[in-house]
Amino acid sequence: MPDIVVSMTDSGNRVDDVGVGPWDGAWPDDERLDPDLLREGDRRNVVDAYRYWRHEAIVADLDTRRHDFHVAIENWEHDFNIGSVVRTANAMGAAAFHIVGRRRWNRRGAMVTDRYQHEHHHATPGELASWARAHGIRLIGIDNLPGSRALETYDLPRKAMLVFGQEGPGLSEAMRAECEATLHIEQFGSTRSINAGAAAAIAMHAWVRRHVFDQSVGDAATTGAH
12 MPDIVVSMTD
22 SGNRVDDVGV
32 GPWDGAWPDD
42 ERLDPDLLRE
52 GDRRNVVDAY
62 RYWRHEAIVA
72 DLDTRRHDFH
82 VAIENWEHDF
92 NIGSVVRTAN
102 AMGAAAFHIV
112 GRRRWNRRGA
122 MVTDRYQHEH
132 HHATPGELAS
142 WARAHGIRLI
152 GIDNLPGSRA
162 LETYDLPRKA
172 MLVFGQEGPG
182 LSEAMRAECE
192 ATLHIEQFGS
202 TRSINAGAAA
212 AIAMHAWVRR
222 HVFDQSVGDA
232 ATTGAH
């Protein structure tokens, strides 16, 4: 059965007109299309180009154009932000996402986008690092820590694994030891930190700007520490 997302207004009322209704007219001869969706309508959380497509067809199409970066999230305390991070990873075209620690995580915030991504699980930071090395991927931690460098002036590698810690404690010491660099996001207000989901979105978009839009940040060697 296709995945269905029920959309709600800010007041909590259900929105029934999200997506498209049943196909009007003769059905197209296209093996990518799902007969159930053509018959009943498509209310899923997908872009219009994928309306009526089978789940497997969408994943296969995404696989032809995913980016080279991965996302990893530590999951020691069942952080509710993980779903938000995964949803953004889908939107930014991440190659895959990785859960480190507990295998089970709260999927509600992902809005079913995890079904279109490749998911990996690693019990420890060391296992994640071994997997990354075997695939030629460099671990880059994202956290507001002493000695961290500014994300805005760091030249992110193309084959990168952006690694995020839990809301509150941040990256574990074991994970920090596995990352070749730890980057922070420059802030200009009174708050000490920003939401982990928001930080992940900023970091992923920084990779997209660098490697999709070729927006260079200059010589990273000249940047200072935090």
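Start counting the sequence shown at 12; every next residue gets the next number (my numbering).
No residue lacks a Cβ here, since even glycine has one placed at the ideal position from N, Cα and C.
Quantities reported herein were computed from a predicted structural model and do not represent experimental measurements.
Note down the Cα distance separating residue i from residue j, rounded to an integer number of angstroms.
i	j	result
E67	T202	43 angstroms
Y159	G200	For the record, residue 159 in the displayed sequence is Ser; it is not Tyr. Their backbone Cα atoms lie some 19 angstroms apart in a straight line.
R115	V228	37 angstroms
A121	S204	22 angstroms
W142	R62	35 angstroms
E85	M172	13 angstroms
R43	V223	28 angstroms
V150	A140	Strictly speaking, residue 150 in this sequence is Leu, with Val absent from that position. So the alpha carbons of these two residues sit roughly 7 angstroms apart.
D47	S95	29 angstroms
T196	K170	First, the residue type needs correcting, since residue 196 is Ile and not Thr in the sequence shown. Going from the Cα of I196 to the Cα of K170 covers about 20 angstroms.
D225	P168	12 angstroms
I2	D45	The displayed coordinates of the chain run from 12 to 237. Any statement about residue 2 would go beyond what the structure contains.
Answer with buried or exposed for residue i, where buried requires no fewer than 16 other C-beta atoms within 10 angstroms of its C-beta.
i	result
W87	exposed
N92	buried
R55	buried
G152	buried
A145	exposed
S22	A caution first: S22 carries a pLDDT of 39, below 50, which makes its placement in the model too unreliable to give a value.
Q177	buried
V174	buried
D40	exposed
W38	exposed
T124	buried
G208	buried
A214	buried
Taking residue i as the reference, give the member of the options with the closest Cα.
i	options	result
G112	P157, P136 and R50	P136
A185	R220, E138, P168 and R221	E138
A210	R187, G179 and R221	G179
A134	L167, H109, P157 and I148	H109
As an exercise, report each continuous beta strand (DSSP E) stretch of at least 3 residues that is fully enclosed by the segment 125-200, in chain order. For the segment 125-200, the continuous beta strand (DSSP E) assignments of 3+ residues that do not extend past its boundaries occur at 130-133, 149-153, 171-175 and 192-195, in sequence order.
Tell me whether the segment 182-194 and the segment 92-105 touch, counting them as touching only if at least three CB pairs, one residue from each stretch, are closer than 8 angstroms. They do not touch, by the three-pair rule.
Three CB pairs or more closer than 8 angstroms across the segment 103-121 and the segment 73-80: Cβ pair count under 8 angstroms is three or more, so yes.
Touch check for the segment 122-133 and the segment 161-169: three-plus C-beta pairs under 8 angstroms? By the Cβ criterion, the segment 122-133 is not in contact with the segment 161-169, since fewer than three pairs of Cβ atoms, one from each stretch, lie closer than 8 angstroms.
Tell me the start and end of each unbroken beta strand (DSSP E) in the segment 49-105 that is at least 3 residues and wholly inside, in chain order. If we require 3 residues or more, the beta strand (DSSP E) runs fully inside the segment 49-105 come out as 81-86.
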